[in-house]
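Please read the structure below before turning to the comments.
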Amino acid sequence: MPPASTDSQAFLSSLFEELLGADTYNDLLSHPSPRNYLDAGRKLSWGLISQNLQGLNRLQLTADEERKYIKGATDAMCSDTQDILQSTSKTLEQLAWDANWAIVNGFEHFDGIQPQDQILRSMLTRNHSYLLDSLILANRLMQYCADFDNKIVPLCADDSMPPEERLAAVEQLINESSLLQAASILKNWQFAEIHKTYENTLLGKPAATATTPSQYHSPETAMEQLLPEIDFQSWPLSYAASLHGPMSAFIKIGGLLAVGTRECKIVGLLLSAATQPQSKKGGSTRGRPIDIPARIADVERYSTTHRKYWHFTADDGKEIMNWLKDGADMADWPKYMCIALKEGRKLSLSIPTFWPT
Numbered sequence: 003m004p005p006a007s008t009d010s011q012a013f014l015s016s017l018f019e020e021l022l023g024a025d026t027y028n029d030l031l032s033h034p035s036p037r038n039y040l041d042a043g044r045k046l047s048w049g050l051i052s053q054n055l056q057g058l059n060r061l062q063l064t065a066d067e068e069r070k071y072i073k074g075a076t077d078a079m080c081s082d083t084q085d086i087l088q089s090t091s092k093t094l095e096q097l098a099w100d101a102n103w104a105i106v107n108g109f110e111h112f113d114g115i116q117p118q119d120q121i122l123r124s125m126l127t128r129n130h131s132y133l134l135d136s137l138i139l140a141n142r143l144m145q146y147c148a149d150f151d152n153k154i155v156p157l158c159a160d161d162s163m164p165p166e167e168r169l170a171a172v173e174q175l176i177n178e179s180s181l182l183q184a185a186s187i188l189k190n191w192q193f194a195e196i197h198k199t200y201e202n203t204l205l206g207k208p209a210a211t212a213t214t215p216s217q218y219h220s221p222e223t224a225m226e227q228l229l230p231e232i233d234f235q236s237w238p239l240s241y242a243a244s245l246h247g248p249m250s251a252f253i254k255i256g257g258l259l260a261v262g263t264r265e266c267k268i269v270g271l272l273l274s275a276a277t278q279p280q281s282k283k284g285g286s287t288r289g290r291p292i293d294i295p296a297r298i299a300d301v302e303r304y305s306t307t308h309r310k311y312w313h314f315t316a317d318d319g320k321e322i323m324n325w326l327k328d329g330a331d332m333a334d335w336p337k338y339m340c341i342a343l344k345e346g347r348k349l350s351l352s353i354p355t356f357w358p359t
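Following our numbering, the numbering of the sequence shown begins with 3 at its first residue and continues without gaps.
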């Protein structure tokens with residue numbers, strides 16, 4: 003571990019002890035749990051912590067530690083998380099609220115000035131349409147995930163059925179998944195378009211003198227530079243861990259604590275602090291200047307977060323399909339079948355609870 007990283011960790015440990023209290027901090031180190039770490043984050047100031055991250059390096063895990071991380075993340079994902087999902091929903095609502103007010107502030111700022119005024123007013127309506135349309139797609143994806151875990155995976159593991167019948171069933175679902183994947187790509191583009199159009203409208207082209215969002219580093223961006231790069235080998239787990247909010251943090255903290263090193267525990271507390279919502283109050287700015295870079299950052303966070311929800315793939319189903327085509331060796335199941343049937347972890351069935359509906 004580089005010395006700079008060691009020094010930064012020592013400083014952060016002292017800071018955590020000061021903010022949480024020595025007894026609480028030591029208890030978190032001795033008896034860690036994802037839920038306790040998330041709760042501790044409410045007492046941590048991201049503004050104070052973020053000033054002391056420069057010396058930290060990205061976590062590097064051994065192959066054995068990566069297996070522990072995946073196991074811990076899987077256990078966290080499959081645990082009772084209803085309250086954390088509700089907290090995630092509130093986080094998404096706050097992001098949408100901030101973005102809507104940013105758009106309103108935008109057309110108030112350009113009140114009567116065309117084409118900016120009309121572009122931003124139309125954008126507000128279009129954004130609402132994108133959100134409503136997301137409900138329809140989410141319901142279709144929910145049905146796909148339920149069919150995959152409850153029907154396709156058990157059917158493909160049934161060696162009493164001829165391989166060609168199992169293959170026909172999974173191919174039918176894969177064909178459906180291609181349409182869902184295309185719809186997800188479109189949805190991803192729509193939310194990206196909201197951010198791009200908003201930024202271009204407020205800054206204009208070129209915007210050489212403006213402070214752009216690229217200079218803004220969100221808590222999520224900071225944590226992405228510290229968390230280990232993990233190959234989850236399963237779309238549902240990879241998807242869930244990539245999202246924004248308390249539920250995704252809960253899963254990643256579960257992985258970090260399963261590894262169990264002091265370094266991982268420190269990053270777990272950092273992640274918890276970064277996950278806490280930064281509450282804002284929206285209001286009219288008619289007749290007053292607005293903080294353009296901050297409002298663009300609001301829309302960027304909203305857009306980036308919602309885009310992450312629309313990264314659907316059918317890679318697990320395709321792996322099962324290829325396994326069937328190769329002869330369906332019952333001694334060598336695909337990874338997802340092992341997770342779902344041998345470990346009893348129906349990860350796809352858990353995914354619908356994550357969608358912003």
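We put the beta carbon where it would ideally sit given N, CA and C, even for glycine. Bear in mind the structure is a predicted one, so any value in this text is a computation, not a measurement.
query, result
"Thinking C-beta only, is Met225 closer than 8 Å to Thr83?", "no"
"Can you check which of these residues, Gly270, Gly108 and Lys320, is closest to Asp293 by C-alpha distance?", "Gly108"
"Using the rule of at least 16 other Cβ atoms within 10 Å of the residue's Cβ for burial, across every protein chain shown, is Lys189 buried or exposed?", "buried"
"Give me the residue from Leu259, Phe18, Asp77 and Phe193 with the minimum Cα distance to Ile341.", "Asp77"
"Taking the Cβ atom as the reference point for each residue, do Ser274 and Leu40 lie within a distance shorter than 8 Å?", "yes"
"Counting beta carbon pairs with one atom in the stretch 192 to 206 and one in the stretch 305 to 322, are three or more of them shorter than 8 Å?", "yes"
"In three-state DSSP terms, what is Ile83?", "Inspection of the sequence shows that residue 83 is occupied by Thr rather than by Ile. The answer is coil: DSSP assigns Thr83 none of H, G, I, E or B."
"Under a three-way DSSP split, which group does Thr203 fall into?", "helix"
"Among the candidates Ser32, Ala42 and Arg37, whose CA atom is the shortest distance from the CA of Glu366?", "Nothing can be reported for residue 366, as the shown portion of the chain is limited to 3 through 359."
"Let me make sure I understand the geometry here. Which of Pro238, Phe234, Ser244 and Trp325 has the alpha-carbon closest to that of Glu222?", "Ser244"
"Across the stretch 157 to 168 and the stretch 335 to 352, are there enough close Cβ pairs to call them in contact, namely three or more that are closer than 8 Å?", "yes"
"Check whether the stretch 98 to 107 touches the stretch 118 to 136, taking contact to mean three or more Cβ pairs, one atom from each stretch, closer than 8 Å.", "yes"
"So Trp48 packs on Ala276, CB below 8 Å; how close in whole Å?", "6 Å"
"Output the distance between the C-alpha atoms of Ala260 and Lys70, rounded to the nearest integer angstrom.", "6 Å"
"Taking buried to mean at least 16 other C-beta atoms within 10 Å of its own C-beta, is His33 buried or exposed?", "exposed"
"For Asn54, tell me which candidate among Leu228, Leu181 and Met79 has the shortest Cα-Cα distance.", "Leu228"
"Counting C-beta neighbours from all protein chains within 10 Å, is the total for Phe18 16 or more, i.e. buried, or is it exposed?", "buried"
"Rounded to whole angstroms, what is the Cα-Cα separation between Gly319 and Ser136?", "23 Å"
"Ignore the nearest five residues each way along the sequence and tell me which others in Ser186's own chain have a CB closer than 6 Å to its CB.", "Trp312 and Phe314"
"How far does the alpha helix (DSSP H) with Glu321 in it reach, from first residue to last?", "Asp317 to Lys327"
"Grouping DSSP H, G and I as helix and E and B as strand, with all else coil, what is Lys348?", "coil"
"Return yes when the Cβ of Leu46 is within less than 8 Å of the Cβ of Leu271, no when it is not.", "yes"
"Throw me the rounded Cβ distance for the Ile253 and Met144 pair, which I believe falls under 8 Å.", "Wrong, their Cβ atoms sit about 19 Å apart, outside the cutoff."
"Kindly give me the distance between the Cβ atoms of Thr64 and Gly247, rounded to whole angstroms, as I take these residues to be in contact under 8 Å.", "With 8 Å as the limit, Thr64 and Gly247 do not qualify as a contact, their Cβ atoms being about 29 Å apart."
"Should Val155 and Leu343 be called a contact, given that it needs their Cβ atoms to be closer than 8 Å?", "yes"
"Can you tell me the Cα-Cα spacing of Asp66 and Leu349, whole angstroms?", "22 Å"
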